[in-house]
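The structure under discussion appears below in the form of structure tokens.
Protein chains: 2
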Amino acid sequence: MKISSEPSVGGELWEMLPVGPRRALAQAAASEFGKRGYHATTTRHIAEHVGMSPAGLYVHYASKAELLFTISRIGHESVLSESSAALEGISSPDERVHALVRSFTIWHAVNHNLARVIQYELRSLEPKHYQVIAAIRRSTEALAAEVFRPLFRDAESLSMHTVAILSLGIDVARWYVPGRSPDPIVLGEAYAKLARNLLRA
Amino acid sequence: MKISSEPSVGGELWEMLPVGPRRALAQAAASEFGKRGYHATTTRHIAEHVGMSPAGLYVHYASKAELLFTISRIGHESVLSESSAALEGISSPDERVHALVRSFTIWHAVNHNLARVIQYELRSLEPKHYQVIAAIRRSTEALAAEVFRPLFRDAESLSMHTVAILSLGIDVARWYVPGRSPDPIVLGEAYAKLARNLLRA
Chain H
1 MKISSEPSVG GELWEMLPVG PRRALAQAAA SEFGKRGYHA TTTRHIAEHV GMSPAGLYVH
61 YASKAELLFT ISRIGHESVL SESSAALEGI SSPDERVHAL VRSFTIWHAV NHNLARVIQY
121 ELRSLEPKHY QVIAAIRRST EALAAEVFRP LFRDAESLSM HTVAILSLGI DVARWYVPGR
181 SPDPIVLGEA YAKLARNLLR A
Chain A
1 MKISSEPSVG GELWEMLPVG PRRALAQAAA SEFGKRGYHA TTTRHIAEHV GMSPAGLYVH
61 YASKAELLFT ISRIGHESVL SESSAALEGI SSPDERVHAL VRSFTIWHAV NHNLARVIQY
121 ELRSLEPKHY QVIAAIRRST EALAAEVFRP LFRDAESLSM HTVAILSLGI DVARWYVPGR
181 SPDPIVLGEA YAKLARNLLR A
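Residue numbers (UniProt numbering), protein chains in the order written: chain H, 1 to 201; chain A, 1 to 201.
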């Protein structure tokens, strides 16, 4: 699963779930939670999104919390795997920064609804679910730090720049409006250049 | 109200409300909504925060929605007035960028709970309230664009950089943890330098 010229627009992301109601409900949850937030969304909203009765949903997911956990895990694992894939075979530090920021930004633009859920609903996860998600987040942060490390002498500066550059990509999920915002690939390229300029300064 | 060496840690921000229960409840709402989100927070959480009964809250605010609107308006007006104040008397384009980004970042670090509410709960506002808030946001965005404009030739590049630099400050509200995150002033200075480097490149 690699972002080359075309981002994977949601399709491949959901392959962790079998085709059918479990996948359709997860996609509907990403859309509904992303639109109005986890707590303001009912299982009825999600069920209706796929033309199912609220009771039908519970055949596939034990609870709204399980749906949140499922899509959070899929989202975080996808960010991590897309980021790793984007770095494959690239050894120049400068080009690694470019590839990582480009991929991370495109992911948050293409999957802005799911991205909003995975970045802003951490506090809505049940504690046992949060543990699992936090571990994936730590892997992604470690990957980013590893990419930025060759460009810094001191740890404090590395940490500050890592946070700042990830902020650029994450915040895309907050403001992205399809049709009105720049094309994901154009934005990814622009932010990758911006990050390289930032690290060169 | 100006951020000089010391940020105004919440105090002055609330002067729009008279000292007493209306102000205390607004501060409690910022803290409680910021912690677990608007929809997951009940008026009981807010009332108990100030040692009041849930019924007592309704003497001062008609609804949870009115509380959200009140603190959203205070927060947005404060960002706008702090940003304007930070620019007073500064004419060099480079120094204006520094002053704006510094002030904007410090605001989001110091007021991270309220900042989370004003940046991530726009969709939770009632439509008539949203109109008022959107107008203040447009003023702040116009101010930022005015500060960055002298550094750009084309409008597209101006718009992309304005969004990116504001993202840095806004996203602070998402990740800021008092005691563990950098001091607001240190962060404000660092992000201001970062923005200048970015615009110089």
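Glycine is no exception: its CB is placed at the ideal position from the N, C-alpha and C atoms.
Taking buried to mean at least 16 other C-beta atoms within 10 Å of its own C-beta, is A/V79 buried or exposed? Residue 79 of chain A sits at position 79 when you count from the first residue of the second sequence. That one is buried.
Helix, strand or coil for H/E32, going by three-state DSSP, please let me know. Residue numbering aside, residue 32 of chain H sits at position 32 when the first sequence is read from its first letter. Correct three-state label for H/E32: helix.
Could you round the C-beta distance between H/L125 and H/S83 to whole angstroms and report it? I think they count as a contact, below 8 Å. Your numbering for residue 125 of chain H matches position 125 in the first sequence. Your numbering for residue 83 of chain H matches position 83 in the first sequence. Not quite, the Cβ-Cβ distance comes to about 21 Å (not below 8 Å), so this is no contact.
Using a threshold of 8 Å, state whether the C-beta atoms of A/I170 and A/H129 are closer than that. In the second sequence, counting from the first residue as 1, residue 170 of chain A sits at position 170. In the second sequence, counting from the first residue as 1, residue 129 of chain A sits at position 129. No, they are not a contact pair.
Mind listing the chain H neighbours of A/L198? Cutoff is C-beta to C-beta under 7 Å, in chain order. For the purposes of this step, residue 198 of chain A is taken as the residue at position 198 of the second sequence. Chain H residues near A/L198: L194, N197 and L198.
Indicate whether A/A195 and A/V110 have their beta-carbon atoms separated by less than 8 Å. If you number the second sequence from 1, residue 195 of chain A lands on position 195. If you number the second sequence from 1, residue 110 of chain A lands on position 110. No, the pair does not count as a contact, with Cβ atoms beyond the cut-off.
DSSP three-state assignment for H/H129, whether helix, strand or coil: Taking the first sequence and counting its residues from 1, the one referred to as residue 129 of chain H is at position 129. In the structure shown, H/H129 sits in a helix (DSSP, three-state: H, G or I).
Give me the chain A residues within the contact set of H/H60, using Cβ-Cβ distance strictly less than 7 Å, ordered along the chain. In the first sequence, residue 60 of chain H corresponds to position 60, counting from 1. Going along chain A, no residue has its Cβ under 7 Å from H/H60, so there is no contact; the nearest lies around 24 Å.
A/Y38 beta carbon less than 8 Å from that of A/E121: Counting from 1 along the second sequence, the entry for residue 121 of chain A is found at position 121. Counting from 1 along the second sequence, the entry for residue 38 of chain A is found at position 38. A contact, by the Cβ cut-off of 8 Å.
Which residues, in chain order, does the UniProt domain "HTH tetR-type" (19 to 79) of chain A contribute to contact with chain H at a C-beta distance below 7 Å? R36, G37, H39 and A40
Cβ-based neighbour list, H/A145, same chain, cut-off 7 Å, excluding 5 preceding and 5 following: As a working note, residue 145 of chain H is residue 145 in the first sequence. Hits under 7 Å: L158 and T162.
Take the Cβ of A/G51 as the centre, count every other Cβ of all protein chains shown within 10 Å, and call the residue buried at 16 or more, exposed below. For the purposes of this step, residue 51 of chain A is identified with residue 51 of the second sequence, where counting begins at 1. Exposed, by the Cβ-count rule.
Report yes if the CB atom of A/A86 is closer than 8 Å to the CB atom of A/S103, and no otherwise. The residue labelled residue 86 of chain A in the question sits at position 86 within the second sequence. The residue labelled residue 103 of chain A in the question sits at position 103 within the second sequence. Yes, Cβ-Cβ distance for A/A86 and A/S103 is below 8 Å.
Residues from the segment 131 to 158 of chain H in contact with chain A, defined by Cβ distance under 7 Å: none
Compare the Cα-Cα distances from A/L166 to each of A/H98, A/P150, A/V59 and A/L13 and report the closest residue. Here the question's residue 166 of chain A lines up with position 166 in the second sequence. Nearest C-alpha to A/L166: A/H98.
Below 8 Å, how does it come out for the segment 27 to 46 of chain A and the segment 61 to 71 of chain A: are there three or more Cβ pairs, yes or no? yes
Please decide whether H/Y120 counts as near chain A, where near means a Cβ-Cβ distance under 8 Å. What you label residue 120 of chain H is simply residue 120 of the first sequence in a count that begins at 1. True, the Cβ-Cβ gap to chain A drops below 8 Å.
Along the chain, which unbroken stretches of the alpha helix (DSSP H) at least 4 residues long are found entirely within the UniProt domain "HTH tetR-type" (19 to 79) of chain A? 21 to 36, 43 to 49 and 54 to 60
Whole-angstrom distance between H/S81 and H/I90, CA atom to CA atom: Residue 90 of chain H sits at position 90 when you count from the first residue of the first sequence. Residue 81 of chain H sits at position 81 when you count from the first residue of the first sequence. Looking at the two C-alpha atoms, the distance is approximately 15 Å.
Considering only their Cβ atoms, is the gap separating A/R137 from A/H76 smaller than 8 Å? Counting from 1 along the second sequence, the entry for residue 76 of chain A is found at position 76. Counting from 1 along the second sequence, the entry for residue 137 of chain A is found at position 137. Yes.
Out of H/Y61, H/Y58 and H/E66, state which residue places its alpha-carbon closest to the alpha-carbon of H/V132. Counting from 1 along the first sequence, the entry for residue 132 of chain H is found at position 132. Here the closest residue by C-alpha is H/E66.
Check the C-beta distance from A/V117 over to A/G179 and give it rounded, since I have them as a contact under 8 Å. Counting from 1 along the second sequence, the entry for residue 117 of chain A is found at position 117. Counting from 1 along the second sequence, the entry for residue 179 of chain A is found at position 179. Between A/G179 and A/V117 the Cβ distance is about 21 Å, and since that is not below 8 Å, they are no contact.
A/A201 and H/A201 closer than 8 Å at C-beta: Here the question's residue 201 of chain A lines up with position 201 in the second sequence. Here the question's residue 201 of chain H lines up with position 201 in the first sequence. Going by C-beta atoms, A/A201 is nearer than 8 Å to H/A201.
Counting only beta-carbon atoms, is H/P7 nearer than 8 Å to chain A? Within the first sequence, the letter at position 7 stands for residue 7 of chain H. For H/P7, the predicted model reports a pLDDT of 47, less than 50, meaning its position is unreliable and no value from the coordinates is stated.
Spell out whether any CB of chain C is found under 8 Å from the CB atom of A/L168. In the structure shown, chain C does not exist; the protein chains are H and A.
Name the chain H residues that come within less than 8 Å of A/W175, Cβ to Cβ? If you number the second sequence from 1, residue 175 of chain A lands on position 175. Per Cβ cutoff of 8 Å: V163 and S167.
So which residues of chain A does H/A115 contact, with C-beta pairs closer than 9 Å? Locating residue 115 of chain H in the first sequence gives position 115, counting from the first residue. Here the premise fails: no neighbours, minimum Cβ distance about 12 Å.
Is it the case that the Cβ atoms of A/I106 and A/L13 are separated by a distance below 8 Å? Your numbering for residue 106 of chain A matches position 106 in the second sequence. Your numbering for residue 13 of chain A matches position 13 in the second sequence. Against a cut-off of 8 Å, the Cβ pair of A/L13 and A/I106 comes out as no contact.
Of all the options A/V172, A/R153, A/P93 and A/P127, which has the alpha carbon lying nearest to the alpha carbon of residue 236 of chain A? In the structure as shown, chain A begins at 1 and stops at 201. Residue 236 of chain A is therefore absent and cannot be evaluated.
Residues of chain H with a CB under 7 Å from the CB of A/R171: which are they? The residue you call residue 171 of chain A lines up with position 171 of the second sequence. It is Asp, not Arg, that sits at residue 171 of chain A in the sequence shown. Neighbours of A/D171 on chain H, chain order: S167, I170 and D171.
Does the Cβ of A/R174 have 16 or more other Cβ atoms within 10 Å, making it buried, or fewer, making it exposed? Translated into the one-based positions of the second sequence, residue 174 of chain A becomes position 174. Label assigned to A/R174: buried.
Between A/A201 and chain H, is the shortest Cβ-Cβ distance under 8 Å, so that the two count as touching? The residue labelled residue 201 of chain A in the question sits at position 201 within the second sequence. A/A201 counts as touching chain H.
Whose Cβ in chain A lies nearer than 8 Å to the Cβ of H/A190? Numbered from 1 along the first sequence, position 190 holds the residue referred to as residue 190 of chain H. Neighbours of H/A190 on chain A, chain order: M160.
So A/N197 and H/L198 are in contact, right, with Cβ under 8 Å, and what is the actual spacing, rounded? Position 197 of the second sequence, counted from the start, is the residue given in the question as residue 197 of chain A. Position 198 of the first sequence, counted from the start, is the residue given in the question as residue 198 of chain H. About 6 Å separates the two Cβ atoms, so the contact holds.
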